[in-house]
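Notes follow the structure.
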Amino acid sequence: MKSITFICLLVSCSLAVADASDDSYSLLSLLFNDSDFEQRHVDHLQKIWRSQIENDALTGENITDQYYTNALNIRAYANLEGGFLLDGWRLYGFRCGPDGTHGSCDSASRSNVSNRDLKLVTYGYSMGHKMYTPYQHAGEGEMTPAGFQYKANAEYFDRPFAAWANIARNITIRGLDGYTEHEMSVGVVGPAAAGRWVQENAHQYPFKGAYPIDGWETQVENRLALQYTGKYARHLLQGDMLWGHLAISHFAKAELGTIIGRVGYGAELAMVWPQARRCERFAASKMLFVSTVAEQGIPLAEKFDVYTRELQAYLSGDNYIPNRIYLRIQTLLVALESVNDQDMADVYRVLEQAQAELQALNSEMQNLALTSCNPAGFYTEINGNVSGHYVAYNYLIDDGIHVPAGSNPNSTNPVMQQGGTLKVHRNPWIASASFGVMVGWRDSWGFGARYNYRTEETLEQKEQHAWAELLVEGKSDWAAAFIPALLLVATYHNRDNWPD
Numbered sequence: 000m001k002s003i004t005f006i007c008l009l010v011s012c013s014l015a016v017a018d019a020s021d022d023s024y025s026l027l028s029l030l031f032n033d034s035d036f037e038q039r040h041v042d043h044l045q046k047i048w049r050s051q052i053e054n055d056a057l058t059g060e061n062i063t064d065q066y067y068t069n070a071l072n073i074r075a076y077a078n079l080e081g082g083f084l085l086d087g088w089r090l091y092g093f094r095c096g097p098d099g100t101h102g103s104c105d106s107a108s109r110s111n112v113s114n115r116d117l118k119l120v121t122y123g124y125s126m127g128h129k130m131y132t133p134y135q136h137a138g139e140g141e142m143t144p145a146g147f148q149y150k151a152n153a154e155y156f157d158r159p160f161a162a163w164a165n166i167a168r169n170i171t172i173r174g175l176d177g178y179t180e181h182e183m184s185v186g187v188v189g190p191a192a193a194g195r196w197v198q199e200n201a202h203q204y205p206f207k208g209a210y211p212i213d214g215w216e217t218q219v220e221n222r223l224a225l226q227y228t229g230k231y232a233r234h235l236l237q238g239d240m241l242w243g244h245l246a247i248s249h250f251a252k253a254e255l256g257t258i259i260g261r262v263g264y265g266a267e268l269a270m271v272w273p274q275a276r277r278c279e280r281f282a283a284s285k286m287l288f289v290s291t292v293a294e295q296g297i298p299l300a301e302k303f304d305v306y307t308r309e310l311q312a313y314l315s316g317d318n319y320i321p322n323r324i325y326l327r328i329q330t331l332l333v334a335l336e337s338v339n340d341q342d343m344a345d346v347y348r349v350l351e352q353a354q355a356e357l358q359a360l361n362s363e364m365q366n367l368a369l370t371s372c373n374p375a376g377f378y379t380e381i382n383g384n385v386s387g388h389y390v391a392y393n394y395l396i397d398d399g400i401h402v403p404a405g406s407n408p409n410s411t412n413p414v415m416q417q418g419g420t421l422k423v424h425r426n427p428w429i430a431s432a433s434f435g436v437m438v439g440w441r442d443s444w445g446f447g448a449r450y451n452y453r454t455e456e457t458l459e460q461k462e463q464h465a466w467a468e469l470l471v472e473g474k475s476d477w478a479a480a481f482i483p484a485l486l487l488v489a490t491y492h493n494r495d496n497w498p499d
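Numbering (numbering that gives the first Met the number 0), first residue to last: 0 to 499.
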């Protein structure tokens with residue numbers, strides 16, 4: 000109940016702070032769908048679609064249908080234009096929307112807000128379905144006309160059957176030194192997520208397998224699934240190498256909601272080859288970078304006048320000005336405006352100091368710029384990560400195995416005779432690792448594969464688990480059709496199993 004109460008408070012707070020009158024948005028409001036933000040910054044952009052399928056059978060090592068056995072996910076996202084400013088849990092649009100017609104956009108002074116930096120934002124939504132099953136041979140063997148078969152027996156299960164369907168909003172915020180990811184999902188866990196229907200139909204038509212499937216009658220009960228997932232990553236090392244670009248990062252990750260509560264820490268590596276990339280530079284302000292080198296033949300009074308007018312215009316405009324730079328420009332203006340009553344030697348000294356200060360300011364503002372790079376042509380990306388996390392609760396395990404009465408009258412366990420709930424014990428400490436490769440063309444399309452590994456999630460679990468995933472993404476609707484097309488091809492290939 001505590002997790003449900005927290006999520007409800009989170010929703011109400013996000014709606015309460017969604018006012019964009021000063022062109023700012025709460026991250027929580029964005030994760031619950033902010034129509035004003037989408038209208039101004041997202042709707043006009045071309046979306047990138049990503050389709051993803053995960054299954055333990057894709058490892059090719061052991062077709063198991065167990066533990067985290069299958070997942071389907073479709074995501075649409077857009078890389079937003081220009082830069083944004085982040086202050087705590089609020090995101091500020093650096094510029095107005097594409098038409099620039101919003102009267103309130105960038106109207107508030109920003110010189111008194113701290114902890115700001117320019118960010119690149121990726122914003123999108125997704126929908127997915129996950130399935131979890133016990134150890135494949137958790138039962139008793141028996142001889143049948145078709146041969147030896149394992150008959151499921153809940154007394155041998157090492158985790159419950161479970162299915163999870165959801166839709167989600169997600170946002171990634173990238174800066175010079177790292178990035179953060181935020182996702183808020185809403186869905187359902189239990190029979191309402193149709194796990195049994197999905198698995199049995201998949202076995203009967205696209206893929207050969209057991210049908211019907213014993214055990215889904217013991218799955219976890221229905222529960223509303225509200226989940227927040229956050230990731231905070233900092234780069235330990237990044238830069239261009241002879242063979243491409245390298246980034247090594249460490250990260251903290253947290254999940255909180257009505258289904259899972261866990262925190263973790265890990266490290267990741269990403270290498271992109273070749274080095275040639277197409278880059279866009281997002282300046283941290285509209286600063287004119289006023290003439291920091293005195294031009295020949297311009298009267299001294301005019302130079303002072305130019306400096307003064309441009310600095311005053313910069314302070315009064317809608318630029319992003321960090322507090323420390325705002326104060327330095329004000330000090331410089333005071334010095335420039337006080338030279339009228341001084342002798343010529345003092346005037347030259349002030350001018351020389353002003354030019355040095357402006358050069359330093361320009362350099363500092365340029366360092367606040369953010370570079371977004373995409374491959375200039377064909378590319379190959381190799382990535383991997385290792386992590387560990389502590390699990391405080393997991394409804395997919397904690398809810399237990401719900402055994403119908405009379406499941407095994409010969410068992411010595413009264414639950415198997417009379418019905419009830421069999422408990423399994425959550426493993427609080429889990430380690431995981433993954434390794435993947437992706438190839439593609441610019442930021443237009445890409446194909447990828449990944450191998451995943453995870454240690455035991457319950458103390459009863461028979462073995463550690465591995466699964467693989469395939470994904471495709473592209474700037475067209477065909478990428479969204481990848482999973483349906485894959486299933487249709489598999490269904491046709493297995494047409495001998497079609498019903499008459």
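By construction, the Cβ of each residue, glycine as well, lies at the ideal position given by its N, Cα and C atoms. This one's a predicted model, so the numbers in the text were calculated from it and none came from an experiment.
Exposed unless 16 or more other CB atoms sit within 10 angstroms - verdict on residue i
{"i": "valine 488", "result": "exposed"}
{"i": "aspartate 33", "result": "buried"}
{"i": "alanine 77", "result": "buried"}
{"i": "threonine 257", "result": "buried"}
{"i": "valine 438", "result": "exposed"}
{"i": "alanine 484", "result": "exposed"}
{"i": "leucine 235", "result": "exposed"}
{"i": "methionine 415", "result": "buried"}
{"i": "asparagine 384", "result": "buried"}
{"i": "proline 298", "result": "exposed"}
{"i": "aspartate 342", "result": "exposed"}
{"i": "serine 248", "result": "buried"}
{"i": "arginine 74", "result": "buried"}
{"i": "tryptophan 466", "result": "buried"}
{"i": "phenylalanine 377", "result": "exposed"}
{"i": "proline 374", "result": "buried"}
{"i": "histidine 424", "result": "exposed"}
Boundaries (first-last residue) of the beta strand (DSSP E) holding residue i
{"i": "histidine 388", "result": "377-393"}
{"i": "aspartate 239", "result": "222-240"}
{"i": "alanine 70", "result": "66-78"}
{"i": "valine 187", "result": "177-188"}
{"i": "serine 513", "result": "This structure gives no information on residue 513, because the portion of the chain shown stretches from 0 to 499."}
{"i": "lysine 302", "result": "Where lysine 302 is concerned, there is no enclosing beta strand (DSSP E), although the alpha helix (DSSP H) it sits in stretches over 299-315."}
{"i": "glutamine 51", "result": "47-54"}
{"i": "histidine 401", "result": "400-402"}
{"i": "asparagine 373", "result": "369-374"}
{"i": "serine 248", "result": "243-256"}
{"i": "alanine 161", "result": "161-173"}
For residue i, the residue or residues it bridges with in DSSP
{"i": "tyrosine 452", "result": "Ala432, Ala465"}
{"i": "arginine 89", "result": "Ser25, Asp86"}
{"i": "tyrosine 264", "result": "Ala251, Gly387"}
{"i": "isoleucine 510", "result": "Because the chain spans 0 through 499 in this model, residue 510 falls outside it and cannot be assessed."}
{"i": "leucine 470", "result": "Gln51, Gly447"}
{"i": "glutamate 279", "result": "Ser371"}
{"i": "glycine 439", "result": "Tyr378, Gly445"}
{"i": "glutamate 270", "result": "The amino acid at residue 270 is misidentified as glutamate; the sequence shows methionine. Methionine 270 pairs with Leu245, Ile381."}
Same chain, Cβ closer than 7 Å to residue i, five either side skipped, listed in chain order
{"i": "arginine 348", "result": "none"}
{"i": "leucine 331", "result": "Leu310, Ala353, Glu356"}
{"i": "glutamate 336", "result": "Thr307"}
{"i": "tyrosine 91", "result": "Asp22, Ser23, Phe83, Leu84"}
{"i": "glycine 419", "result": "Val402"}
{"i": "leucine 470", "result": "Arg49, Ser50, Gln51, Gly447"}
{"i": "alanine 201", "result": "none"}
Own chain partners of residue i with C-beta closer than 6 Å, once the 5 adjacent residues on each side are dropped
{"i": "threonine 68", "result": "Asp55, Met130, Thr132"}
{"i": "tyrosine 66", "result": "His464"}
{"i": "alanine 70", "result": "Glu53, Lys129"}
{"i": "lysine 474", "result": "Gln45, Ile47, Ser443"}
{"i": "lysine 422", "result": "Gly399"}
{"i": "glycine 194", "result": "Met130, Ala162"}
{"i": "glutamate 267", "result": "Ser248, Asn384"}
{"i": "threonine 121", "result": "Tyr76, Asn78, Thr171"}
Residue span of the alpha helix (DSSP H) that contains residue i, given as start and end
{"i": "asparagine 322", "result": "322-336"}
{"i": "threonine 420", "result": "From DSSP, threonine 420 is part of no alpha helix (DSSP H) but of the beta strand (DSSP E) over 419-421."}
{"i": "glutamine 38", "result": "34-40"}
{"i": "glutamine 203", "result": "194-203"}
{"i": "histidine 43", "result": "No alpha helix (DSSP H) holds histidine 43; DSSP gives it neither H nor E."}
{"i": "alanine 484", "result": "481-492"}
Same chain, Cβ closer than 8 Å to residue i, neighbours up to 5 away in sequence not counted
{"i": "valine 577", "result": "Here the chain has residues from 0 to 499 only, and residue 577 is not among them."}
{"i": "isoleucine 328", "result": "Leu310, Tyr313, Leu314, Ile320, Leu360"}
Residue i: CB within 7 Å of a non-hydrogen atom of the ligand ATP
{"i": "threonine 370", "result": "This structure simply doesn't include the ligand ATP, nor any ligand for that matter."}
Meets three-Cβ-pair contact criterion under 8 Å: the stretch 156-170 and the stretch 384-403: yes
On the three-pair Cβ rule with 8 Å, is the stretch 166-186 touching the stretch 438-452? no
So, do the stretch 407-415 and the stretch 239-258 have three or more beta carbon pairs nearer to each other than 8 Å? no
Answer yes if the stretch 249-266 comes into contact with the stretch 388-397, meaning at least three C-beta pairs across the two stretches below 8 Å, and no otherwise. For the pair of segments examined, the stretch 388-397 was found to touch the stretch 249-266: the number of CB pairs separated by less than 8 Å reaches three.
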